[in-house]
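In the numbering used here, the protein residues as written are 420 to 725.
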Ligand SMILES: [Zn+2]
């Protein structure tokens, strides 16, 4: 694909209402003329207000450095994976530095997350599953036996362990988030699950408080994984994908970006039966509709720590 074709694709996605004709992001004017940069990069100038803008201005790819076709290729490569794409592999595929690939992948995750924003789960006659899984805070045992400590004790832990909590509608979509503990997720669950939903949960006492709000089906995993119609298998499949992405591709997903990996896994899980090309189009659309990155704007200028 040439860069002109990539530009045309992004224009059609961003300005779908005008069939790809530029719309000024400042005044909404439709009368802009092509005013390319000397290096041939896309730029328009608004006749109404004089503002210069490009097809990526104000989007997640704002101030982009790579040719536009690299971003389309990145989306296609990223989507093609089922459990995640390692930043190092992406950097090799695209001929980028590791760091550039890492930031690019996170911008795609941020775009995917826009799909989840404002989502609600369930409703009358619907069922949902909730569950939590722990990530991070691994303490490596010391080499010599006499230096090893009991890693089950709180004082020997790192305090960096976090729990991803997923709400997943049976046969439907998911919402993930990250907390210090399952009990801290109750407000999040109440805010995102519609009244009237039957909520499936395991035997963990952290969920007991939800009985006051929802009809609950509890399953004791010590006894069975599915019994009398109660199971959290919809949540388990989500964690299966996220965990395999962690072990097989990323190796390290805990820390400040854990929620982004969790959102990526939710997108992949919910779209698992959607055709590949359609998913690429969807992520391109989300990227064009997303504001400049909240995680990485200013990252290269070191305004923000990694
Ligand atoms: Zn304008």
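All C-beta atoms in this analysis are idealised placements derived from N, C-alpha and C, irrespective of residue type, glycine included.
In the three-state reduction of the DSSP assignment, residue 563 falls in the coil class, being assigned neither a helical nor a strand state. In the structure shown, residue 641 adopts coil according to DSSP, grouped into three states. Of the residues assessed, residue 720 falls on the exposed side of the cut-off, its CB having fewer than 16 other CB atoms within 10 angstroms.
Burial of residue 619 is indicated by the presence of at least 16 other C-beta atoms within 10 angstroms of its C-beta.
Secondary structure note for residue 700: it is in no beta strand (DSSP E), and the uninterrupted alpha helix (DSSP H) holding it is 695-708.
Considered as a whole, the region 559-632 harbours 605-611 as its complete alpha helix (DSSP H) runs of no fewer than 4 residues, in chain order.
With 6 Å as the limit, the residues whose C-beta approaches a heavy atom of ligand 1 more closely than that are 443, 445, 446, 448, 465, 467, 468 and 470, in chain order. Taking 8 Å as the cut-off, the Cβ atoms of residue 604 and residue 617 do not count as close. Between residue 673 and residue 556, the C-beta gap is smaller than 8 Å, which places the two residues in contact. Assigned with DSSP and collapsed to three states, residue 539 falls in coil, not helix or strand. Between residue 505 and residue 630, the CB-CB gap reaches or exceeds 8 Å.
Taking all protein chains shown into account, residue 698 has 16 or more neighbouring C-beta atoms within 10 Å of its C-beta and is therefore buried. Short of 8 Å from the beta carbon of residue 601, and not among the five residues preceding or following it, lie these beta carbons of its own chain, in chain order: 551, 582, 584, 623, 625 and 626. Straight through space, the alpha carbons of residue 685 and residue 641 are spaced by roughly 27 Å. DSSP, reduced to helix, strand and coil, places residue 488 within a helical segment of the structure shown. Of the candidates 435, 450 and 455, 455 places its Cα closest to the Cα of residue 423. Apart from the 5 residues on each side of it in sequence, residue 558 sits with its Cβ closer than 7 Å to the Cβ of 570, 575, 576 and 577 in its chain, given in chain order.
At a Cβ-Cβ threshold of 8 Å, residue 694 and residue 494 do not count as neighbours.
Residue 546 is bridged by DSSP to 617. The secondary-structure analysis by DSSP pairs residue 471 across a beta bridge with 464. Boundaries of the beta strand (DSSP E) harbouring residue 451: 451-453, taken from the DSSP string. A buried status is given to residue 549, since no fewer than 16 other beta-carbon atoms sit within 10 Å of its beta-carbon. In the assembly as shown, residue 572 is an exposed residue. Its beta-carbon has fewer than 16 other beta-carbons within 10 Å. Note on residue 657: 16 or more other CB atoms within 10 angstroms of its CB, so buried under the neighbour-count rule. Residue 586 and residue 449 have their C-alpha atoms some 42 Å from each other. Residue 713 sits exposed, since fewer than 16 C-beta atoms from the chains shown fall within 10 Å of its C-beta.
Spanning the alpha carbons of residue 547 and residue 459 requires a straight line of approximately 51 Å. A Cβ-Cβ separation of about 6 Å places residue 588 in contact with residue 541 under the 8 Å criterion. Sixteen is the threshold: since fewer than 16 other Cβ atoms of the shown chains lie within 10 Å of the Cβ of residue 666, the residue is exposed. The three-state reading of DSSP puts residue 554 in strand, counting E and B together.
Around the beta carbon of residue 443, 16 or more other beta carbons sit within 10 angstroms, so the residue counts as buried.
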